[in-house]
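**Student:** Please see the structure below; I have some questions.
In the numbering used here, the protein residues as written are 1428 to 1760.
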């Protein structure tokens, strides 16, 4: 009398196990599907004149109130008129325009009009602020377009240079802006060295799904970690959004040739933060799609350069080597 009942119970348990296993398999497969990037788009609205560019820049500066670190507000170095060449510098995640100030001055002295706008949610005086957690891929795309839009009023020839997350912003501009003369992504954040390439998509999906958390860049020094114009913590949501932005850029690279007139991709063989192999993959995709003028340069590992090789405030800086080389690569084409 008990056997049929036991059989039914065993069959029920077996179906439950199969259902759970099937659900886990579906979840695993979904984890490897990149997050939606259809809303990450490029919209161009270039200014018509130098005066219009200055008006927009001044409006941005007016919005940067006392909540901003004075060193981290938008930096604008102008010769008082539209000149032959304008350059936009894009700093890295948790940093601010000050990291480019010394290099930017050298380009200003060469006759460039210079613009260094802070990334969204960056440059705040409160280094432990929670605002950076609100960074999105969409905002990074808008920021990229706005920089190129403004530069059109500042120079006849427009160059954008960015490092790390700023390098990713620059790569995005290279893909979408035919009115960008030269794009120079430096150590662009197409992937993180600490995350194995096959796990990049699942990691991004996981951190987009989980509640945000803040982690110290240096767990020992914590808020004492410098430089004082950078945030000592990173946001897991912000890093996931940077990866999401990279997925949009990589997908575009596989399908369409970049529109910028020239691209110079710079990597650092001693970089422990970003995945150079991911950058090389994008370069290969751009070449396969027919990029017009694409050059690469790699700083040798023997130089022992850190990831933030632009910043003179870093203890491992070698700007005596890095700056002359960058200036030569950018100005002598």
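Positions of the beta carbon are idealized from the N, C-alpha and C atoms, including for glycine.
Please report how far the alpha carbon of residue 1480 lies from the alpha carbon of residue 1585, in whole angstroms.
**Tutor:** 13 Å
**Student:** Just reading off the beta strand (DSSP E) that residue 1511 is part of, what are its end residues?
**Tutor:** DSSP places residue 1511 in the uninterrupted beta strand (DSSP E) bounded by 1510-1517.
**Student:** Would you please state the rounded distance, in angstroms, between the beta carbons of residue 1579 and residue 1473? I believe it to be under 8 Å.
**Tutor:** Contact flag correct, Cβ pair sits at about 4 Å.
**Student:** Just how far apart, CA to CA, sit residue 1732 and residue 1516?
**Tutor:** 20 Å
**Student:** Which residues share a DSSP beta bridge with residue 1661?
**Tutor:** Partner(s): 1642.
**Student:** What's the C-alpha gap between residue 1642 and residue 1649?
**Tutor:** 9 Å
**Student:** Is it true that the CB of residue 1482 sits closer than 7 Å to the CB of residue 1572?
**Tutor:** No, the Cβ-Cβ distance between residue 1572 and residue 1482 is not below 7 Å.
**Student:** Work out the CA separation of residue 1476 and residue 1506 for me, nearest whole Å.
**Tutor:** 15 Å
**Student:** May I ask you to report which of helix, strand or coil DSSP gives residue 1573?
**Tutor:** helix
**Student:** What did DSSP end up calling residue 1613 once you bin it into helix, strand or coil?
**Tutor:** strand
**Student:** DSSP puts residue 1693 in a beta bridge; with which residues?
**Tutor:** 1613 and 1724
**Student:** Hey, how far is the Cα of residue 1520 from the Cα of residue 1697?
**Tutor:** 19 Å
**Student:** For residue 1493, collect the residues of the same chain with a Cβ closer than 8 Å to its Cβ; drop the 5 residues on either side in sequence, then sort them by chain order.
**Tutor:** 1552
**Student:** Does DSSP classify residue 1579 as helix, strand or coil?
**Tutor:** Of the three classes helix, strand and coil, the one that applies to residue 1579 here is coil, per DSSP.
**Student:** Rank 1656, 1461 and 1713 by C-alpha distance to the C-alpha of residue 1739 and give the top, closest one.
**Tutor:** Residue 1656 is the option with its Cα nearest to residue 1739.
**Student:** To the nearest angstrom, report how far apart residue 1499 and residue 1587 are at their CA atoms.
**Tutor:** 19 Å
**Student:** Report yes or no: do the stretch 1658-1668 and the stretch 1545-1561 share at least 3 C-beta pairs separated by less than 8 Å?
**Tutor:** yes
**Student:** If you reduce the DSSP assignment to three classes, tell me which class residue 1708 lands in.
**Tutor:** helix
**Student:** Evaluate the contact criterion for the stretch 1524-1544 versus the stretch 1608-1621: three or more CB pairs, one atom per stretch, below 8 Å.
**Tutor:** Cβ pair count under 8 Å is below three, so no.
**Student:** Give the secondary structure of residue 1540 by DSSP, where H, G and I count as helix, E and B as strand, and everything else as coil.
**Tutor:** strand
**Student:** Pull up the distance between the alpha-carbon of residue 1759 and that of residue 1639, whole angstroms please.
**Tutor:** Between the C-alpha atoms of residue 1759 and residue 1639 there is a straight-line separation of about 44 Å.
**Student:** Closer than 8 Å by C-beta to residue 1581: which residues in its own chain qualify, once you throw out the five before and the five after it? Chain order, please.
**Tutor:** 1477, 1480, 1505, 1509, 1510, 1513, 1540 and 1542
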